[in-house]
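Below: one structure, written as structure tokens.
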Amino acid sequence: MATTNTSQPSPTPSYQHLIDHVEEHGYVIIPNAFTEAEIEEATSELARLAADAASAGPAGGDRAGRNDFEGLNTKRIYALLNKSPVFQKFPLHPALLALNDHFLDPGFLLNSFHSVYIQPGEAPQMLHHDDGFVTVPRPHRPFGTGVMVAIDDFTPTNGATVVIPGSHKWGDKDNDRAPRREDAVPVIMSRGSAVFFVGTLWHGGGQNTSDRERRSMTVQYCQPWIRPLENQILAVDWDKLDGMPRRLVDMLGYGVGSPFIGYADGIHPWKVAQRRIREQKELRAGARQGRL
1 MATTNTSQPS PTPSYQHLID HVEEHGYVII PNAFTEAEIE EATSELARLA ADAASAGPAG
61 GDRAGRNDFE GLNTKRIYAL LNKSPVFQKF PLHPALLALN DHFLDPGFLL NSFHSVYIQP
121 GEAPQMLHHD DGFVTVPRPH RPFGTGVMVA IDDFTPTNGA TVVIPGSHKW GDKDNDRAPR
181 REDAVPVIMS RGSAVFFVGT LWHGGGQNTS DRERRSMTVQ YCQPWIRPLE NQILAVDWDK
241 LDGMPRRLVD MLGYGVGSPF IGYADGIHPW KVAQRRIREQ KELRAGARQG RL
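Just so it is clear: in the sequence shown, position 271 is 271 by the UniProt record's numbering, and no numbers are missing.
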């Protein structure tokens with residue numbers, strides 16, 4: 001089944017080989033997508049956040065996952081864009097944007113963005129596809145895409161994400177093509193690399209049989225007509241929006257998807273948000289001056 005978005009212009013030639021690989025296999029590895037300095041900066045920020053319970057959030061810090069799917073021996077910190085500007089560059093990598101421009105509709109959104117630290121002894125995650133929460137018969141166009149950014153090298157023993165190549169093409173009637181763990185292959189990649197996959201690909205977190213944690217971040221995107229898994233309007237404070245690139249602000253839900261998905265009171269949502277941010281600042285200023 002073709003997964004191309006024919007409404008999009010031709011992709012930048014330098015990314016065509018990535019698109020072709022995803023079309024065929026459902027995923028592609030982007031080696032050395034981020035520099036050592038960028039990864040080290042993110043690692044330091046994640047360590048700082050994990051050390052503070054308020055910053056880490058209800059599922060972060062020293063707390064492991066709350067269920068089998070999160071991973072009972074996996075640590076996560078959610079809403080990264082609200083917790084440090086260091087993380088802003090990761091959803092905006094040019095190759096990731098080019099891939100999303102191809103596989104998703106204009107105005108695609110940020111679905112979620114959090115860290116994933118798989119601890120030693122963690123069991124393999126159940127195989128799943130990220131579009132599974134949408135009850136539409138397969139095969140179909142992807143409703144979203146996912147990215148894993150390697151903070152540590154991904155190896156066969158430390159919990160590397162596993163994928164079933166080509167499974168993004170499976171349909172509901174392919175009973176003989178049900179996902180089997182023996183068909184899954186680990187995504188082997190070095191620190192700073194990233195793997196991109198469409199939401200119809202069967203995959204899962206790997207088992208960590210090593211004596212060290214496997215650190216990563218996951219960035220997920222979705223179609224502009226799908227409700228994001230993480231409510232970005234609430235997850236990211238309004239006061240922080242002015243310091244973000246406009247493309248990223250739009251991806252949080254303050255843009256308009258084709259043709260006019262997401263408008264507020266008949267106008268562009270960012271205009272409404274800016275007005276309310278100004279009103280909020282004025283109220284705060286008045287309170288400080290004792291007028292309220």
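We put the beta carbon where it would ideally sit given N, CA and C, even for glycine.
Note that the structure is predicted; figures quoted are calculated from it, not measured.
Classification of residue i by the beta-carbon crowding that lies within 10 angstroms, buried from 16 upward
i	result
S7	Confidence at S7 is low in this model, with a pLDDT of 48, below 50, so its placement is unreliable and the value that follows should be read with caution. Exposed, because fewer than 16 other Cβ atoms sit within 10 Å of the Cβ of S7.
R76	buried
I233	exposed
A37	exposed
R275	exposed
Y15	buried
V149	buried
A283	Ala is not the amino acid found at residue 283; the sequence shown has Leu there. It counts as exposed.
H17	exposed
N67	exposed
E213	buried
Y117	buried
G243	exposed
N231	exposed
L20	At residue 20 the sequence reads Asp, which differs from the Leu that was named. It is exposed - the Cβ of D20 has fewer than 16 other Cβ atoms within 10 Å.
P58	exposed
A53	exposed
E122	buried
Beta bridge counterpart(s) of residue i as assigned by DSSP
i	result
L220	The residue asked about is misnamed: residue 220 is Gln in this sequence, not Leu. Bridge partners of Q220: S112 and G146.
A264	I267
T74	I118
F197	Y27 and G146
H128	H203
V185	V163
R214	I118
F154	M189
residue 331	A question about residue 331 goes unanswered here, because the residues of the chain that appear run from 1 up to 292.
N208	N158
Short CB-CB distance (under 9 Å) between residue i and chain B
i	result
P91	Absence of chain B from the displayed structure is noted, only one protein chain being present.
Rounded Cβ spacing between residue i and residue j (contact assumed at less than 8 Å)
i	j	result
I261	P224	5 Å
E45	S84	5 Å
S55	P120	Not a contact, Cβ separation roughly 24 Å.
F90	M217	6 Å
residue 315	T145	The structure shown does not extend to residue 315, since the chain spans only 1 to 292, so no value can be given for it.
V187	V195	5 Å
G107	G159	34 Å between Cβ atoms; not a contact.
L80	P245	About 15 Å separates the two Cβ atoms, so there is no contact after all.
L127	H203	7 Å
* Does the stretch 264-279 come within contact of the stretch 109-122, defined as at least 3 CB pairs closer than 8 Å? -> no
* Asked: If you pair each beta-carbon of the stretch 45-55 with each one of the stretch 22-29, do three or more pairs fall below 8 Å?
  -> no
* **Cβ pair count under 8 Å reaching 3, the stretch 153-163 against the stretch 188-196** => Output reads yes: the stretch 188-196 touches the stretch 153-163.
* How about the stretch 125-140 and the stretch 91-104: do they share at least three Cβ pairs that are nearer than 8 Å? -> Segments in contact, no.
* To do: Could you tell me whether the stretch 239-259 touches the stretch 124-132, using the rule of 3 or more Cβ pairs below 8 Å?
  => Contact annotation: the stretch 239-259 does not touch the stretch 124-132, with fewer than three C-beta pairs closer than 8 Å.
* So, do the stretch 235-244 and the stretch 193-204 have three or more beta carbon pairs nearer to each other than 8 Å? -> Taking 8 Å as the limit for Cβ pairs, the verdict is that the stretch 193-204 does not touch the stretch 235-244.
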